[in-house]
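What follows is a set of notes on a single structure, which appears directly below.
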Amino acid sequence: MMIPTAVIRSSALQLPLLHSLSATNNGGATAGNPAIECRNLSYSITTRHGKVLRILNDCSLSIPSGQFWMLLGPNGCGKSTLLKVGFLRVEKPRSFVFQNPDHQVVMPTVEADVAFGLGKFSISRDEITARVAKALDAVGMYEYLQRPVQTLSGGQKQRVAVAGALAEACKVLLLDELTTFLDENDQLGVIEAVKSSLATSQDTTALWVTHRLEELEYADGAVYMEDGRVVLDGDASSVLDFVETRQASYIKQINS
Numbered sequence: 284m285m286i287p288t289a290v291i292r293s294s295a296l297q298l299p300l301l302h303s304l305s306a307t308n309n310g311g312a313t314a315g316n317p318a319i320e321c322r323n324l325s326y327s328i329t330t331r332h333g334k335v336l337r338i339l340n341d342c343s344l345s346i347p348s349g350q351f352w353m354l355l356g357p358n359g360c361g362k363s364t365l366l367k368v369g370f371l372r373v374e375k376p377r378s379f380v381f382q383n384p385d386h387q388v389v390m391p392t393v394e395a396d397v398a399f400g401l402g403k404f405s406i407s408r409d410e411i412t413a414r415v416a417k418a419l420d421a422v423g424m425y426e427y428l429q430r431p432v433q434t435l436s437g438g439q440k441q442r443v444a445v446a447g448a449l450a451e452a453c454k455v456l457l458l459d460e461l462t463t464f465l466d467e468n469d470q471l472g473v474i475e476a477v478k479s480s481l482a483t484s485q486d487t488t489a490l491w492v493t494h495r496l497e498e499l500e501y502a503d504g505a506v507y508m509e510d511g512r513v514v515l516d517g518d519a520s521s522v523l524d525f526v527e528t529r530q531a532s533y534i535k536q537i538n539s
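When you read off a place in the sequence shown, starting at 1, and then add 283, the result is the number in the working numbering.
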C-alpha cells in the first residue's frame, strides 16, 4: 500500500474512514514496523462560499507497535482531523473510541454493551463471555458486569467503551479526547484504565488525542501539533519539556 502524499481537498465536512493495513499485506504492519503512519499529509476543505481552508499541512508521524502515544496540541490545531481524515495507515483490526461515551455505550447493561460488537464474529457464547470478562477486568470494571449503563458516571462509561474495543481483540486503539466531558477523578480513571489494559496486551497500540499536558506522563511517546503542522514528536518527556518552555502561549491557545 502506498502512503498518500497528495493534497486532499473536500467540499464536505464529513471525513472518510481510516485506511487499514493488514499484518499479512506486504505493505502492512509487521514486527518492527509502525502500527500507525502517515507521511507528508496535507488536507484542505472548501467552504460553501468557495474558500479553501488548509486544515493539515505536510504532516508526518510514525507510531511504533505496542506503545501508548499521545497526539497533543491546542484546540483547533488539526489533531482530531489527522486521526479521522482517512489517510493514516493503521494496522487492523482497529477500534475508535469517541469523546462522548453516550454516543458509543448503547446497550442496557455493561455486559451487553461490551459483548455487542462481538456479534459480528463467529465465536461461541463461552468465548464471548471470556472476552467480556477479560476486557472489563483490564479496565477495572468487572465488578460492574451486570450494572445498568445509565447508573454509571461518564468516566465509567468511557472505560466500558474501551472494554468494548479490547473485547474485539483490536491491534490499534484510536482514542479521541476521551476526558473532554469528564471531571478530574473520571479523567484519571479512564487514562489509567487505558494504560493498564495496554500493559496486559503488549501487541496493542494506542493513539490518544488530547490537549491536556498532565496526561503526557502516562504516554510512551507523543506528537505535538500547532496550526495544522506536526511540530515535534518523540518520547513523551521531551515533548512535555518543549511545550512547557512555551506554556504561557500554549495555555492561552487551549483556553481561547
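Just so you know, even glycine gets a beta-carbon here, dropped at the ideal spot from N, CA and C.
Being a predicted model, the structure only gives us computed values, none of them experimental.
Legend entry - Minimum C-alpha distance to residue 434 - residue among 385, 445 and 318: If you number the sequence shown from 1, residue 434 lands on position 151. Checking every option, the nearest Cα to that of residue 434 belongs to 385.
Legend entry - Burial state of residue 404, where buried means 16 or more other Cβ atoms lie within 10 Å: In the sequence shown, counting from the first residue as 1, residue 404 sits at position 121. Looking at its Cβ environment, which holds fewer than 16 other Cβ atoms inside 10 Å, residue 404 is exposed.
Inset, instruction - Report the rounded CA-to-CA distance for residue 247 versus residue 528, giving the unit in angstroms. - result: In the structure as shown, the chain begins at 284 and stops at 539. Residue 247 is therefore absent and cannot be evaluated.
Legend entry - Beta-carbon separation (whole angstroms), residue 396 vs residue 437, contact threshold 8 Å: On the sequence shown, position 113 is the one that residue 396 refers to. On the sequence shown, position 154 is the one that residue 437 refers to. Wrong, their Cβ atoms sit about 15 Å apart, outside the cutoff.
Legend entry - Supposed contact pair residue 487 and residue 349 - C-beta distance, whole angstroms, cut 8 Å: What you label residue 349 is simply residue 66 of the sequence shown in a count that begins at 1. What you label residue 487 is simply residue 204 of the sequence shown in a count that begins at 1. With 8 Å as the limit, residue 349 and residue 487 qualify as a contact, their Cβ atoms being about 7 Å apart.
Legend entry - Cβ-based burial, residue 334 [other Cβ within 10 Å; buried from 16]: On the sequence shown, residue 334 is found 51 positions in, with the first residue counted as 1. When all chains shown are included, residue 334 counts as exposed.
Legend entry - Those residues which DSSP pairs with residue 489 across a bridge: As a working note, residue 489 is residue 206 in the sequence shown. DSSP, once it has assigned bridges, lists 351 and 456 as partnering residue 489.
Legend entry - Sequence-distant residues of the same chain with beta carbon closer than 6 Å to residue 444, five excluded per side: Here residue 444 is taken as the residue at index 161 of the sequence shown, counted from 1. Excluding sequence neighbours, residue 444 sits near 380, 384, 387 and 388.
Inset, instruction - Measure from the alpha carbon of residue 364 to the alpha carbon of each residue in 455, 462, 340 and 390, then state which is nearest. - result: Numbered from 1 along the sequence shown, position 81 holds the residue referred to as residue 364. The residue with the shortest Cα to Cα distance from residue 364 is 340.
Inset, instruction - Can you give me the start and stop residues for the beta strand (DSSP E) that residue 377 sits inside? - result: Translated into positions along the sequence shown, residue 377 becomes position 94. Unbroken beta strand (DSSP E) run through residue 377: 377-380.
Inset, instruction - Using three-state DSSP, classify residue 474 as helix, strand or coil. - result: The count along the sequence shown starts at 1 and reaches residue 474 at position 191. In this structure, residue 474 counts as helix in the three-state DSSP scheme.
Legend entry - Candidates 338, 458 and 317: closest to residue 324 by CA position: Residue numbering aside, residue 324 sits at position 41 when the sequence shown is read from its first letter. Checked all of 338, 458 and 317; the closest Cα to residue 324 is 338.
Inset, instruction - Look at the alpha carbon of residue 492 and the alpha carbon of residue 374, and state the distance between them as a whole number of angstroms. - result: As a position in the sequence shown, residue 492 is number 209, starting the count at 1. As a position in the sequence shown, residue 374 is number 91, starting the count at 1. Approximately 18 Å, taken between the alpha carbons.
Inset, instruction - Indicate the three-state DSSP secondary structure (helix, strand or coil) for residue 358 in the structure shown. - result: Residue numbering aside, residue 358 sits at position 75 when the sequence shown is read from its first letter. Residue 358: coil per DSSP, three-state reduction.
Legend entry - Unbroken stretches of the beta strand (DSSP E), 3 residues or longer, contained in the stretch 403-433: none
Inset, instruction - Using alpha carbons as the reference points, say which of 352, 463 and 496 lies closest to residue 557. - result: The question about residue 557 has no answer, for the chain in this structure spans 284 to 539.
Inset, instruction - Using 10 angstroms around the beta-carbon of residue 354, count the other beta-carbons present and answer buried if the total reaches 16, otherwise exposed. - result: Your numbering for residue 354 matches position 71 in the sequence shown. Buried, because 16 or more other Cβ atoms sit within 10 Å of the Cβ of residue 354.
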